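S.K.: Counting in UniProt numbering, the sequence shown runs from 1 upward without gaps. The structure is given below, and queries will be raised subsequently.
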Amino acid sequence: MRTLTLVASYPLCPIVSFELCRQASNKLFFPCNISEKLAKASRVHKTYQLKAGFWESIKSGILNNNTTQVVEPPSTLPEEEEEPLPQEFVLIEKTEPDGTVEEIIFSSGGDIDVYDLQALCDKVGWPRRPLSKLAAALKNSYMVATLHSVRKSPGSEGNDQKKLIGMARATSDHAFNATIWDVLVDPGYQGQGLGKALVEKLIRALLQRDIGNISLFADSQVVEFYQNLGFETDPEGIKGMFWYPKY
């Protein structure tokens with residue numbers, strides 16, 4: 001299987017339609033220079049400043065009068081900043097002729113039922129995976145972003161109908177890198193730009209946590225989709241490699 005590695009600057013683009021198929025050969029993508037353009041690694045920057053000051057003090061102690069001075073390292077490191085709270089907001093709102101209001105809600109809080117996810121995977125035609133593994137994948141993901149449809153009928157306060165219509169998740173080392181997996185949108189809601197919006201919002205949420213190197217695997221049918229999101233082939237020509245069990 002041949003793979004292709006992409007990188008990109010990250011201009012956000014207008015929303016377009018999206019459909020992801022998992023059956024074809026995968027390709028590896030990266031958006032490049034995101035950390036330089038969109039994410040300020042404040043904690044790392046503070047640590048670098050502290051280290052520079054420490055070594056400068058050692059250097060000055062050795063050079064002054066050609067004598068060596070004992071320099072104590074700083075007793076405390078800068079306090080680690082808290083990560084941003086999960087986001088939740090209405091992405092789209094529309095009113096139907098009968099007065100029913102439908103809201104498409106984005107959330108990065110990982111609020112998802114494994115049975116709802118399995119049903120959504122069935123709708124897009126993905127092979128079934130064991131529920132225990134789906135649950136483990138969600139639990140061990142760094143971030144799980146979802147799209148829910150919430151329908152509110154007139155006179156039915158408190159009886160809102162909520163349905164999972166989209167999901168994407170990311171794994172991460174919690175410092176530098178993240179990889180996006182399992183991007184899917186309910187076929188009944190495809191063609192409205194929700195897939196693109198889902199990936200854009202997920203990337204923005206990762207950038208807010210100072211995760212600037214974001215990769216993903218994409219089938220050949222959706223290469224153009226991800227290029228429109230700012231992904232490009234890796235300029236150094238890095239190729240993805242895979243190991244599969246041989247039975």
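No residue lacks a Cβ here, since even glycine has one placed at the ideal position from N, Cα and C. Computed from a prediction, not measured in an experiment: that's the story for all the values here.
1) Going residue by residue through the UniProt domain "N-acetyltransferase" (104-247), where are the continuous beta strand (DSSP E) segments of at least 3 residues, counting only ones entirely within it?
2) How would you write the range of the beta strand (DSSP E) that residue 96 sits in, first residue to last?
3) How would you call residue 244, buried or exposed, if buried means at least 16 neighbouring beta carbons within 10 angstroms?
4) Nearest by alpha-carbon distance to residue 149: which of 107, 165, 170 is it?
5) How many angstroms separate the CA atom of residue 224 from the CA atom of residue 190?
6) Taking the alpha-carbon positions, what's the residue 182 to residue 96 distance?
7) To the nearest angstrom, report how far apart residue 84 and residue 247 are at their CA atoms.
8) Which same chain residues, not among the five before or five after residue 60, have their C-beta less than 7 Å away from its C-beta?
9) Should residue 210 be labelled buried (16 or more other beta-carbon atoms within 10 Å of its own) or exposed?
10) Can you give the Cα-Cα distance for residue 114 and residue 135, rounded to whole angstroms?
11) Check each candidate in 161, 185, 142 and name the one with the smallest Cα separation from residue 205.
12) Might you give, ordered along the chain, the residues of its own chain that have their beta carbon closer than 7 Å to the beta carbon of residue 109, omitting 5 neighbours on each side?
13) Under 8 Å, with one C-beta from each stretch per pair, do the region 191-201 and the region 224-233 reach the 3-pair mark?
14) So, are the CB atoms of residue 138 and residue 169 less than 9 Å apart?
15) Report yes if the CB atom of residue 152 is closer than 9 Å to the CB atom of residue 101, and no otherwise.
16) My assumption, with CB atoms under 8 Å, is that residue 124 sits in contact with residue 184. Please give the rounded CB distance.
17) Do you know offhand how far residue 186's Cα is from residue 93's?
18) For residue 107, which residues from the same chain have a beta carbon less than 6 Å from its beta carbon, with the 5 sequence-adjacent residues on both sides left out?
19) Assuming residue 154 contacts residue 99 under a Cβ cut-off of 8 Å, what Cβ separation, rounded to an integer in Å, is found between them?
20) DSSP three-state call for residue 84: helix, strand or coil?
M.R.: Straight from the coordinates:
1) Entirely contained in the UniProt domain "N-acetyltransferase" (104-247), the beta strand (DSSP E) runs reaching 3 residues are, in chain order, 143-152, 161-172, 177-185, 213-219.
2) Element bounds for residue 96: n/a, residue is neither H nor E.
3) A residue is called buried once 16 or more other Cβ atoms fall within 10 Å of its Cβ, and residue 244, having fewer, is exposed.
4) 165
5) In this structure, the straight-line span from the alpha carbon of residue 224 to that of residue 190 is close to 16 Å.
6) Each residue's Cα considered, the two are about 31 Å apart.
7) 44 Å
8) In this prediction, residue 60 scores a pLDDT of 47, lower than 50, which makes its location untrustworthy; no coordinate-derived value is stated.
9) Buried, since its Cβ has 16 or more Cβ neighbours within 10 Å.
10) 6 Å
11) 142
12) 86, 88
13) yes
14) Between residue 138 and residue 169, the C-beta spacing is below 9 Å.
15) yes
16) Taking the Cβ atoms as the reference, residue 124 lies roughly 5 Å from residue 184, within the contact range of under 8 Å.
17) Rounded to whole angstroms, residue 186 and residue 93 show a C-alpha spacing of 17 Å.
18) Excluding positions up to five away in sequence, the list reads 88, 146.
19) 4 Å
20) Secondary structure at residue 84: coil, using DSSP grouped into helix, strand and coil.
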